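The sequence shown: position 304 = 304 (my numbering), numbered continuously. Ideal Cβ placement from N, Cα and C applies to all residues, glycine included. Just so we're clear, the structure is a prediction, and the values are computed from it rather than from any experiment. To keep things clear, I will list the structure first and then write my remarks on it.
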Amino acid sequence: MNKILQFVKVGAQGQTRTIVRSLGNACPAATSNENATTPKPISWEDAKPFDEMPGPKPLPLIGNIHRFLPLIGEYYEKDKKDNSVFIRKINEKFGNVVRVAGLPALRQSVFVYDPDEAEKVYRNSGQWPMRDEIKTLNRYRRVIRKEVYDEAYGLLITQGEEWWKFRSVVNKVLMRPEITKLYVDAIDKIAEDFVKRIRLIRNENFEMPENFSNELNRWALESIGVVALDTRFGCLEGDLSEDSEAQRLIQTVLAWFELWYQLEAQPSLHHWVDTKNWKKFISTMDYFNETAMKYVNEAVERIKKHPKSDEEDKSVLERLIAVDKKVACVMALDMLQAGIDTTSQTAAVCLYYLAKNPDKQDILRQELTEYAPDGRITAKNNEKIPYLRACMREAARLSPIAYANQRLLPNDLVIGGYQVPKKTPVVLCHMAMTTNPQVFPEPMKYVPERWLRSSPHFNNAHKFAMMPFGHGSRMCIGKRFAEMEVEALITKIITNFNVSWHHKDMEFTSKIINVPKSPLKFNMTDV
């Protein structure tokens, strides 16, 4: 019943990463924004009271808990793994602005399904946009292991001026458009190594193994390791043992997401007593920090011994160390923690939709063969491959890693004609917007052309309907690197293999993030 919490904590934290390359404001709609009539804004005095906003009405004492119970609950889910059910059902029943209250793990919130209202929320988020904190990670970093972080707590848990102080340091390095050029060759080599591994692990029918999801996690760790630490972990060199450091790092990240869900999106007593899951959370984070910091320290020492004289050749870590070593170390930890499962599963989703739509895959392969015949994305051919980015963006529209973004209102705001008080959490339900036929015609079809200005399928829709990276100053800090990693991988795979899918439609599980539930048993035959 409390599973909706995770939606509001992933999309705009500056870490979670759904892979999209900016294509201007390109996105299709049933009608063009240019032809739309802008309604006159409703003043606070003329707006309806907050209590009149539609939504499931809580009962005395029990709130809305009964709506999630077996037999009687309209939002009950037997497997408790598809969080989109509740999100969509309240939209269908109550409309485009919904007040949700009376749930133990979610304080009273407003769920927004209208792009105009979403834009209003984003544009009125204040100088330092805020969201609900990740309470478990906040407690771990500020209380349990305060000495490790030494007041540099990272982007995942900080708010307000404290957040901006950290963000302003890393912005100077990570948000520079040219920074990714330093890693093009290394990321390309990792993608090439992964193609070699595909040829080794596929069976006699050219099918990927049951654990192909873990293979993608290994690729993602290898990629983010190069970016964050200038280090290759060796994840793609043969089979990793279960107790290897690289494999255990992957497992700790997966465990972190699961424990986050169990402790914050499900009923838990960990605020009052040290529960089993809370103890496991601490031990999981301890192992991650100890292992990751070992690599961070090795990288720092390597930089000291062999500093680069040319400023333009200095890595992300080297540039951050020059500004603030504490910030550099914590940012490296955050990049590792946020850059494995999210990136790997985004790549998996893109491969899935290309496998299910061979005609689109053929178009992409033709584009790549013409402009990237060696399977490399470079500064010279980057602008000539818009279909690749369109394929990625369309996959992210249909199956995003994060269902929604969230903002805490810094001031009173009229939303959907209702008075919403300041400090109210507002959940911006982008997945519902991007599968709304009034926004995207034939929304359940995979049509990359809808993102191409040169295509007859293109039309201008509301640019705030799809916000996988968030908006404004709190936009995802890892955006450019995530894009680069997945672009390189998809390019290598599609230029080397015909990818197909011979199983029932993909099922997804959504707790903290939305990921494929089905084994990723793609068929990959040589082109």
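Relative to the C-alpha of residue i, which candidate in the options has its C-alpha closest?
i	options	result
K280	L254, A299, E301 and Y295	L254
K135	S455, S109, A105 and R450	A105
R474	D286, G126, L71 and E487	G126
G478	R176, P60 and H502	R176
N96	W128, T424 and C429	C429
P58	A404, Q108 and S43	Q108
V184	Q159, N124 and D230	D230
E178	N297, E52 and E311	E311
K165	N138, V148, I187 and W128	W128
A332	L155, V447 and E161	L155
I87	E290, P307, A404 and Q251	A404
I363	N496, P448, D274 and V515	P448
K356	V148, M506, E161 and T424	M506
N171	V327, I415 and N496	V327
K196	E215, K304, L137 and N205	E215
F497	R167, R199 and A396	R199
N460	Y446, C476, K445 and P441	P441
How would you call residue i, buried or exposed, if buried means at least 16 neighbouring beta carbons within 10 angstroms?
i	result
K366	Reading off the sequence shown, one finds Gln at residue 366, where the question assumed Lys. Exposed, by the Cβ-count rule.
S213	buried
T378	exposed
A29	Residue confidence is low: A29 scores 42 on pLDDT, short of 50, so the model does not pin down where it sits. No coordinate-derived value is stated.
I90	buried
M208	buried
N411	exposed
I72	exposed
R202	buried
S510	buried
L69	exposed
D243	exposed
I512	buried
W219	buried
Please confirm whether residue i and residue j have their CB atoms less than 8 Å apart.
i	j	result
R141	Y153	yes
V173	R319	yes
A101	F464	no
L489	A347	yes
G375	T491	yes
Q406	V427	yes
C222	L236	The sequence given here places Glu at residue 222; Cys does not occur at that position. Yes, Cβ-Cβ distance for E222 and L236 is below 8 Å.
P421	F50	yes
L354	Q361	yes
E192	Q159	no
L351	F522	yes
T284	M484	no
W256	Q345	no
I224	M392	no
R452	A402	The amino acid occupying residue 452 in the given sequence is Leu; Arg does not appear at that position. No, the Cβ-Cβ distance between L452 and A402 is not below 8 Å.
L182	S309	no
T343	A482	yes
E394	R450	yes
G417	K48	yes
F508	S399	yes
I321	V296	no
T275	E245	no
Between residue i and the ligand NAP, is there a pair consisting of the residue's CB and a ligand heavy atom that are separated by less than 7 Å?
i	result
D185	Among the components of this structure there are no ligands whatsoever, and the ligand NAP is therefore not found.
Specify the secondary structure class of residue i as computed by DSSP and reduced to three states.
i	result
I477	coil
K48	strand
P358	helix
F469	coil
Y76	coil
T284	helix
F206	coil
S518	coil
P425	strand
M335	helix
T525	strand
Q159	coil
M506	coil
F257	helix
R99	strand
F194	helix
V273	coil
G24	For G24, the predicted structure reports a pLDDT of 39, less than 50, and the residue's modelled location is therefore unreliable. The matter cannot be settled from this model.
R232	coil
I512	coil
Q419	strand
M484	helix
Write down the C-beta distance between residue i and residue j rounded to the nearest angstrom, noting that I regard them as a contact closer than 8 Å.
i	j	result
G63	V98	Wrong, their Cβ atoms sit about 15 Å apart, outside the cutoff.
M433	Y113	6 Å
L409	R131	Incorrect: roughly 11 Å between the Cβ atoms, too far for contact.
V169	V323	6 Å
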